[in-house]
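For the sequence shown, our numbering gives the first residue as 107, with consecutive numbering after it. Yeah, the Cβ is synthetic: ideal placement off N, Cα and C, and Gly gets one too. To start, the structure under review is shown below, and the notes come after it.
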Amino acid sequence: MSDRSSSETALVLFSGGQDSTTCLAWALRRFARVEMLGFSYGQRHAIELECRDRLLAGIKSLRPDWAAKLGESHTLEIPTLAEISDTALTRDVAIAMGADGLPNTFVPGRNLVFLTFAAALAYRRGIGHIVGGMCETDYSGYPDCRDHTIKALQSALNLGMAKNFELHTPLMWLDKAATWKLAHELGGAGLVDLIREQSHTCYLGERGAQHDWGYGCGECPACTLRAKGWREYAALS
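Structure representation (structure tokens):
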């Protein structure tokens, strides 16, 4: 792939959740071609991966111009991450706060692993931009979501692969209400409705109950953040 193609193509970490779907729309607004990457790592909420096809179908129907930009959708199996993690995202245990002040939903090194694999795939496919939904505004305190972590990793990846990747985190300084607002700015009410109806964010993988903000248990940290953001966004809409 030429340098020009590299600069016009992005790889989005696309899990099937609210944040990654918003990031996908953000990338489709900015780049000529967009590929997607999801990870199956033994997560309890693996149902999120099943949502991706419906989200992509909805995006194609919603915006034909975006449909023309969508490239390959990749999935990497990395079960080793669950094997070495003892967390509420990879084990059937109650979600609780740990003695270190972090919730036990924190999977150590997850985003570092994700972005390293993403960079390796981007290297092979000649892609220069990598987009992720990391955020340190409305989040659970995960250290691998922080801006300085991402910037440090970008430096390490560029040194280690002798490339010039750019890691984009468009949600880094947005709270969840602002993330809903960004989705509306990018794709209108149609994209907001698609995210509410087809994305998945609940840590427990619960998809039985539908709320105003989408499907989920309504009690886990991911659901409470999403619900709070929706209420704040709806109050201003």
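Range covered by the beta strand (DSSP E) that runs through residue i
| i | result |
| --- | --- |
| Val219 | Taken as a continuous stretch (DSSP letters only), Val219 belongs to no beta strand (DSSP E), being part of the alpha helix (DSSP H) at Arg216 to Arg231. |
| Gly177 | Leu176 to Glu183 |
| Ala138 | No beta strand (DSSP E) contains Ala138, which DSSP labels as neither H nor E. |
Residue i, buried or exposed, once every other Cβ within 10 Å from all chains shown has been counted against 16
| i | result |
| --- | --- |
| Pro276 | buried |
| Ser126 | buried |
| His254 | exposed |
| Arg158 | buried |
| Gly293 | buried |
| Gln403 | As displayed, the chain neither begins before 107 nor continues past 343, which places residue 403 out of reach and without an answer. |
| Ala116 | buried |
Spatial distance of residue i from residue j (CA atoms)
| i | j | result |
| --- | --- | --- |
| Arg169 | Cys251 | 30 angstroms |
| Gly122 | Ala163 | 12 angstroms |
| Ala152 | Thr307 | 10 angstroms |
| Glu242 | Pro249 | 9 angstroms |
| Leu280 | Gln124 | 13 angstroms |
| Ser146 | Ala224 | 13 angstroms |
| Ala131 | Val219 | 23 angstroms |
| Ala133 | Ile190 | 32 angstroms |
| Thr181 | Glu156 | 11 angstroms |
| Arg135 | Trp172 | 8 angstroms |
N- and C-terminal bounds of the alpha helix (DSSP H) containing residue i
| i | result |
| --- | --- |
| Thr307 | Run containing Thr307: none; DSSP gives neither H nor E here. |
| Leu273 | Here Leu273 belongs to no alpha helix (DSSP H); instead the beta strand (DSSP E) covers Glu272 to His274. |
| Thr255 | Asp253 to Met267 |
| Arg337 | Pro327 to Leu342 |
Assigned secondary structure, residue i (DSSP; H/G/I helix, E/B strand, else coil)
| i | result |
| --- | --- |
| Met107 | The predicted model places Met107 with a pLDDT of 48, which falls under 50 and marks its position as unreliable, so this point remains unresolved. |
| Met240 | coil |
| Ser126 | helix |
| Ala116 | strand |
| His290 | helix |
| Ser167 | helix |
| Gly314 | coil |
Within-8 angstroms CB hit, residue i to chain B
| i | result |
| --- | --- |
| Trp286 | The structure shown contains no chain B; it holds only a single protein chain. |
Three CB pairs or more closer than 8 angstroms across the segment 301 to 316 and the segment 256 to 272: no
Sufficient close CB pairs (3 or more, under 8 angstroms) joining the segment 311 to 326 to the segment 255 to 263: no
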